Every structure is written in C-alpha cells, then in structure tokens.
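*Asks:* Per this note's numbering: the sequence shown = residues 137 to 309.
Built from N, CA and C at the ideal position, the CB exists for glycine as well.
No experiment lies behind these values; they were computed from the predicted model shown.
Let me begin by handing over the structure; questions about it come next.
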Amino acid sequence: NGHIDVNVADFDPATTYLQRNQLFRNRRDGTFADVTSASGPGLAAIKVSHGAAFADYDNDGDMDIFVSDGNDEPSQLLRNDGGTHHWLCVRVIGAAHNLDGIGTRLTLEAGDLRLVREVRTSYGYMSSSDPRVLFGLGDRERVDRLHIRWPNGQLQRLEDMAADQFIILEQPP
Numbered sequence: 137n138g139h140i141d142v143n144v145a146d147f148d149p150a151t152t153y154l155q156r157n158q159l160f161r162n163r164r165d166g167t168f169a170d171v172t173s174a175s176g177p178g179l180a181a182i183k184v185s186h187g188a189a190f191a192d193y194d195n196d197g198d199m200d201i202f203v204s205d206g207n208d209e210p211s212q213l214l215r216n217d218g219g220t221h222h223w224l225c226v227r228v229i230g231a232a233h234n235l236d237g238i239g240t241r242l243t244l245e246a247g248d249l250r251l252v253r254e255v256r257t258s259y260g261y262m263s264s265s266d267p268r269v270l271f272g273l274g275d276r277e278r279v280d281r282l283h284i285r286w287p288n289g290q291l292q293r294l295e296d297m298a299a300d301q302f303i304i305l306e307q308p309p
C-alpha cells in the first residue's frame, strides 16, 4: 500500500532466552498496529533470532522476510502471499566502484502517493537484504514520475510507467 511496515527480529547478544519476533503494520497516521499474531506461524514461534533480511524472494511484488535464528533453530523464509496491491520494483546498477548503486535515492510519485527510498542492503545485525527497491502502490495502476538521484549527484527522471513490473536503471556515464 506504499507505507512501510516494521519487522523486529529480537536479538540481544547478552541474552539467551527466547523472544517473539514482531511485525507492525503502518496505520498511515503515525502509529503502528501489532499484527504479529495474525501473520502466521512463522512469527508466532518464540525463539532466538539473530537478524532478518528482506527481499521479494518469489518476485510477486510483495516483501518476503528471511529470519536468521540461533540456538540450533533452523532459519526461516517467511513468504508473503497476502495482497493484490500494485507495485514497482527498481534495480539500479551503479558505476564501477558501486555496482549495486548503494546510496541512490529514488522518489516515486503516483497520484497522491509520494514515496522516497534509498538503495541499501543493510538493515540489521548479520543481515544483508536485496538491493532492489520495492514500492507498494496500493490501488494505483501507474507511476507518474520516478526521480533518481545517483550517488555522484546526477539526476534522472522517468515518467508515466505501468505498475506491476521490474525495471533496471543504469547510472549514466
């Protein structure tokens, strides 16, 4: 829907007790609702997690979560199959010294929706996420504009794109 939810993979290196990971849905009013118990058995388990990585593992337009667990617990891939909203996935290819384009800033405009994301792969302890940027568009079927600010300061703009697609952008020379 375009609003970032929050996943917490509880881990404290000083403790060995079991904890529940948590998922919070963005209510779009500056608050979050705890939806952990409604999110399936993968998040209901009480265990020791070391980190979480995020990617659209199955390329269906929604974010999946890989949770790295400790204490001899198997790690888990939590596949998100809960939605029919529109999306746009952007893969940037940067210059030779930064092929993943880390630090590229993307600003998407679709109707009344304006989303800003930065290409990064590190979100937490011992985890590396997909460098692709996934924008949730809700019921919007088109993207009006996508502004790209490359790490070297170069600006680029794309206009009028269909939703529900993967695009690859290469940093201009």
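Can you give the beta carbon distance from R276 to G247, rounded, assuming they're within the 8 Å contact cut?
*Replies:* R276 to G247, Cβ: 5 Å. Contact.
*Asks:* Find the nearest neighbour of S173 within the set D165, K183, F160, S185, judged by alpha-carbon distance.
*Replies:* Comparing Cα positions, the closest option is F160.
*Asks:* Could you give the DSSP three-state label for A169: helix, strand or coil?
*Replies:* Three-state result, A169: strand.
*Asks:* Could you pull the start and end residues of the beta strand (DSSP E) that L251 belongs to?
*Replies:* Counting along the chain, the beta strand (DSSP E) containing L251 begins and ends at 249-254.
*Asks:* With hydrogens ignored, establish whether the beta-carbon of Q212 is closer than 8 Å to any heavy atom of the ligand NAD.
*Replies:* In the structure on display, the ligand NAD does not appear, and there are no ligands present to speak of.
*Asks:* Determine the direct distance from the alpha carbon of F202 to that of H186, and round the result to whole angstroms.
*Replies:* Straight-line Cα distance between these residues: approximately 11 Å.
*Asks:* To the nearest angstrom, how far is it from the Cα of R156 to the Cα of S265?
*Replies:* If I take the Cα positions, the gap works out to 21 Å.
*Asks:* By the three-class DSSP mapping on this structure, what secondary structure does L270 have?
*Replies:* Strand.
*Asks:* Near N288, which residues of its chain fall below 8 Å by C-beta distance, leaving aside the five closest residues on each side in sequence?
*Replies:* Correct list, in chain order: A231, Q307.
*Asks:* According to DSSP, L307 sits in a beta bridge with which residue or residues?
*Replies:* Looking at the sequence itself, residue 307 is Gln, so the reference to Leu does not match. Answer is none; Q307 lacks a bridge partner.
*Asks:* Quick one: what does DSSP say G219 is sitting in, helix, strand or coil?
*Replies:* Coil.
*Asks:* My understanding is that F190 touches W223, with C-beta atoms under 8 Å, so please give their C-beta distance in whole angstroms.
*Replies:* Actually they do not touch by this definition, with Cβ atoms about 14 Å apart.
*Asks:* With a threshold of 6 Å on Cβ separation, who are the neighbours of R310 within its own chain once the five nearest residues in sequence on each side are excluded?
*Replies:* With the chain running from 137 to 309 in the structure shown, residue 310 is simply not present.
*Asks:* Going by alpha carbons, who is nearest to L244 out of M297, S204, T220, Q212?
*Replies:* Closest option to L244, Cα to Cα, is M297.
*Asks:* Which residue from R281, R285, A188, D236 puts its Cα closest to that of P267?
*Replies:* Here the closest residue by C-alpha is D236.
*Asks:* I304 and T240 look like a contact to me (Cβ under 8 Å); what is the Cβ gap, rounded to whole Å?
*Replies:* About 13 Å separates the two Cβ atoms, so there is no contact after all.
*Asks:* Quick check: what's the CA-CA separation for V228 versus Y259?
*Replies:* In a straight line, the C-alpha of V228 is about 18 Å away from that of Y259.
*Asks:* Between which two residues does the beta strand (DSSP E) holding L282 run?
*Replies:* Element bounds for L282: 278-285.
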